[in-house]
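Chains as they are written, first to last, in our numbering: chain A, 0 to 396; chain B, -11 to 189. Note that the Cβ used here is the ideal one computed from N, Cα and C, for glycine as well.
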């Protein structure tokens, strides 16, 4: 297409379609860019290629049946989505979960965050042509995946949290496994920093690329590491503490430039903070129950169902009719790996959710994508995209 | 020290907001569509606690809600304060079936653009003044609004072509100050030609 630029100069632009199935558009993302040579002049994004109708599906089941769907939102840190959802529902019930459950949730939350950040960092470097960091990052990730497997039976789309408790208590040797995973996480971080901090190619590709100011990021509703990379110290774990996050000793990591390099460095530093939190949480992990005892919220254990009439009734009612969440409307956001994962919940007091709206952290970040890439090179758009860590599962729902 | 409750009483005074009794866990205000833009502007810029971030926009269809009285739809806006950590407020606009119109706030919050497109896509609520009200998640050929309670979940539709983004790209270029002299040859004389060529049956 032939256009006149703001100075009145004639330009011949080429529309270039990228995605939806492109090796670097993880998931299914598409954007159409108007190219002047190698430079992106304008870009528009399209999403929805992975739209499954999450919000329609959940209206058909019970409150507990929503859980496996939440795993498929951000599949790099599935358990974290579970916890964000059950936290919203538990807040509506107004129940307090047992101490051991809280600490276990903090541990799996932070391990998920480590996992998610490792995927983002690994994929970002892979997209820039560096395969070594990928291997460094995936070694500790594999150890965490093995913990998931022992804990929940599944590796990728696993659900561990339940409304009012956990699927089950941790297994024997859980602490040792976690400590070993933390050690290799720290080693991998050291390797990654050695590999990247002063790597000329990497710095040239990421420093000053895809910059966004703090004001613009806030206007776009950015949350999580991407917002913090622009210098805003906003973290729900500190701002609206839950699960006693405020009592752990850790720092909110912020960047200064808001560019691609900062977004990746913030993630690496956040892994360090998560390691600190998990180490402290392991020390607090004392024996005790993980479920609340209330058949109206948490289904009674199998053992009770076989021995006790009340337990049997509780199990039957809970499975067939579903739990009854108090009537009302509520928005609850939790700090997930990519930012604030929020649930707007409308309950009519029956056993089925009336409406659940997910607020995915990726959506707001991808909505600003054109502002990040315009004026840059086409190759930079890939660095920007992977630095944002767009997960199509939660983007499109 | 100002609290979110104080902000609510100002909303009540200035914009005739009513307390949303359904939200028992936070602060939610029902405002009329006519006041929405001003109320959002007030929250963003001149309230004692500034709510700089629009967190979410959710559409709600009350068609099958037990004992529901009043308009069928609602649009719920969740705001968060950056200056006072932890302060949150929700605004709710009730939308009747006869007049599915809500003014846009996409000029105040950049992310409202996509959120409003999503609510339009899923519920068919029209945001007046929106610069680019297209479907967001569903397919361009999709007929109906799937999150309405009367849309059957089992219904299937034949969708064959991808979104046609060239007109949107031209619009974006114009927003950036460029002027399109000659359209790309991929754009036919008719913007709809591309869609009409796809298999429909």
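Rounded Cβ spacing between residue i and residue j (contact assumed at less than 8 Å)
i	j	result
residue 165 of chain B	residue 239 of chain A	Not really, about 41 Å apart at Cβ, beyond 8 Å.
residue 407 of chain A	residue 274 of chain A	Nothing about residue 407 of chain A can be read from this structure; chain A reaches only from 0 to 396.
residue 78 of chain B	residue 16 of chain B	4 Å
residue 393 of chain A	residue 361 of chain A	5 Å
residue 313 of chain A	residue 298 of chain A	7 Å
residue 41 of chain A	residue 17 of chain A	About 13 Å; that fails the 8 Å criterion.
residue 27 of chain B	residue 3 of chain B	5 Å
Cross-chain neighbours of residue i in chain B, by beta carbon under 7 Å
i	result
residue 1 of chain A	169, 170
residue 368 of chain A	Chain B residues near residue 368 of chain A: none, gap ~11 Å exceeds 7 Å.
residue 91 of chain A	13
residue 238 of chain A	73, 74
Rounded C-alpha distance that separates residue i from residue j
i	j	result
residue 254 of chain A	residue 262 of chain A	7 Å
residue 35 of chain B	residue 138 of chain A	50 Å
residue -9 of chain B	residue 40 of chain B	16 Å
residue 188 of chain B	residue 342 of chain A	Because the pLDDT at residue 188 of chain B is just 43, under 50, the model does not fix this residue reliably, and the point stays unresolved.
residue 270 of chain A	residue 114 of chain A	9 Å
residue 166 of chain A	residue 131 of chain B	40 Å
residue 126 of chain B	residue 111 of chain B	11 Å
residue 190 of chain B	residue 215 of chain A	Since the first residue of chain B shown is -11 and the last is 189, residue 190 of chain B is not available in this structure.
residue 98 of chain B	residue 219 of chain A	5 Å
residue 78 of chain A	residue 160 of chain A	7 Å
residue 103 of chain A	residue 374 of chain A	46 Å
residue 301 of chain A	residue 243 of chain A	30 Å
residue 103 of chain B	residue 127 of chain A	31 Å
residue 276 of chain A	residue 72 of chain A	25 Å
residue 7 of chain A	residue 162 of chain B	13 Å
residue 92 of chain A	residue 65 of chain A	16 Å
residue 208 of chain A	residue 223 of chain A	19 Å
residue 152 of chain B	residue 120 of chain B	14 Å
residue 54 of chain A	residue 193 of chain A	44 Å
Reference residue i; option with closest CA among the options
i	options	result
residue 75 of chain A	A:51, A:108, A:98	A:108
residue 280 of chain A	A:186, A:191, A:181, A:344	A:181
residue 163 of chain A	A:106, A:324, A:195, A:226	A:324
residue 51 of chain A	B:100, B:141, B:-2	B:141
residue 150 of chain B	A:116, A:29, A:309, A:134	A:29
residue 21 of chain A	A:385, A:259, A:151	A:385
residue 388 of chain A	A:89, A:37, A:117	A:117
residue 111 of chain A	A:70, A:131, A:264, A:100	A:70
residue 12 of chain B	A:277, A:208, A:278, A:326	A:326
residue 18 of chain B	B:30, B:65, B:57	B:65
residue 22 of chain B	B:116, B:32, B:163, B:55	B:116
residue 357 of chain A	B:38, B:-2, B:47	B:47
residue 391 of chain A	A:49, A:34, A:179, A:295	A:49
Helix, strand or coil at residue i according to DSSP, with G and I counted as helix
i	result
residue 170 of chain B	strand
residue 49 of chain B	strand
residue 166 of chain A	coil
residue -9 of chain B	coil
residue 68 of chain A	helix
residue 24 of chain A	coil
residue 3 of chain A	strand
residue 69 of chain B	coil
residue 16 of chain B	strand
residue 9 of chain A	strand
residue 33 of chain B	helix
residue 104 of chain B	helix
residue 14 of chain A	strand
residue 386 of chain A	helix
residue 340 of chain A	strand
residue 101 of chain A	helix
residue 35 of chain A	strand
residue 96 of chain A	coil
residue 92 of chain B	coil
residue 182 of chain A	helix
residue 87 of chain B	coil
Under 8 Å by beta carbon: chain B residues contacting residue i
i	result
residue 4 of chain A	165, 166
residue 68 of chain A	Going along chain B, no residue has its Cβ under 8 Å from residue 68 of chain A, so there is no contact; the nearest lies around 14 Å.
residue 329 of chain A	11, 12, 13, 14
residue 14 of chain A	154, 157, 172, 174
residue 50 of chain A	125, 126
Chain A contact residues for residue i, given Cβ-Cβ distances below 8 Å
i	result
residue 3 of chain B	Residues of chain A passing the Cβ test: none, with the nearest at roughly 20 Å.
residue 102 of chain B	362, 363, 366
residue 134 of chain B	52, 55
Interface partners of residue i on chain B, CB under 9 Å
i	result
residue 268 of chain A	Here the premise fails: no neighbours, minimum Cβ distance about 20 Å.
Beta-carbon neighbours of residue i, restricted to chain A and to distances below 7 Å
i	result
residue 194 of chain B	Given a span of -11 to 189 for chain B in the structure shown, any question on residue 194 of chain B remains unanswerable.
residue 40 of chain B	217
residue 54 of chain B	347
9 Å Cβ cut-off: residues of chain A touching residue i
i	result
residue 48 of chain B	328, 343, 345, 353, 354, 356
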